[in-house]
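Student:
Numbering (this note's numbering), first residue to last: 11 to 136.
#1: From the DSSP secondary-structure annotation, give me the bridge partner or partners of residue 83.
#2: Taking the alpha carbon of residue 49 as the point to measure from, which residue in 83, 40, 39 has its own alpha carbon closest?
#3: Check for me: the beta strand (DSSP E) holding residue 54 runs from which residue to which?
#4: Starting from residue 135, follow its DSSP beta bridges and name the residues at the other end.
#5: Find out if the Cβ-Cβ distance for the pair residue 44, residue 80 is shorter than 7 Å.
#6: Beta carbon of residue 106, beta carbon of residue 129: below 7 Å?
#7: Going by DSSP, what residues sit across from residue 36 in a beta bridge?
#8: Please state if the CB of residue 30 and the CB of residue 40 are separated by a distance shorter than 7 Å.
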């Protein structure tokens, strides 16, 4: 029995994107490609809410992934505050969420939950 499967999986994913990197940096135009290679179906993804300046940039990139290649993601984030945060569920990239606050996206979130496109795993308080 291997005790380090998750670590080996991480190293394999990182090795698969080395051609897109310049040191620790990835060019803006390569971000979606990098995410498509690193994030796999059924992964748990922790995404910035609205409290960081890169939140919208990362959410927009995640929403551009191909749902045929990447789906059934479990999103964990503080706030579902941007339209892109909901778009990942509408596109079929993600189907489960744990969060604290849904801000102006509450109505869209409720519609997705009512239609069965999203499972709300937990609503946590600060």
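Ideal Cβ placement from N, Cα and C applies to all residues, glycine included.
Tutor: Based on what the coordinates show:
#1: 104
#2: 83
#3: For residue 54, the enclosing beta strand (DSSP E) has its first and last residue at 54-56.
#4: DSSP, once it has assigned bridges, lists no residue as partnering residue 135.
#5: no
#6: Yes, these two residues count as a Cβ contact at 7 Å.
#7: 31
#8: The beta carbons of residue 40 and residue 30 sit closer together than 7 Å.
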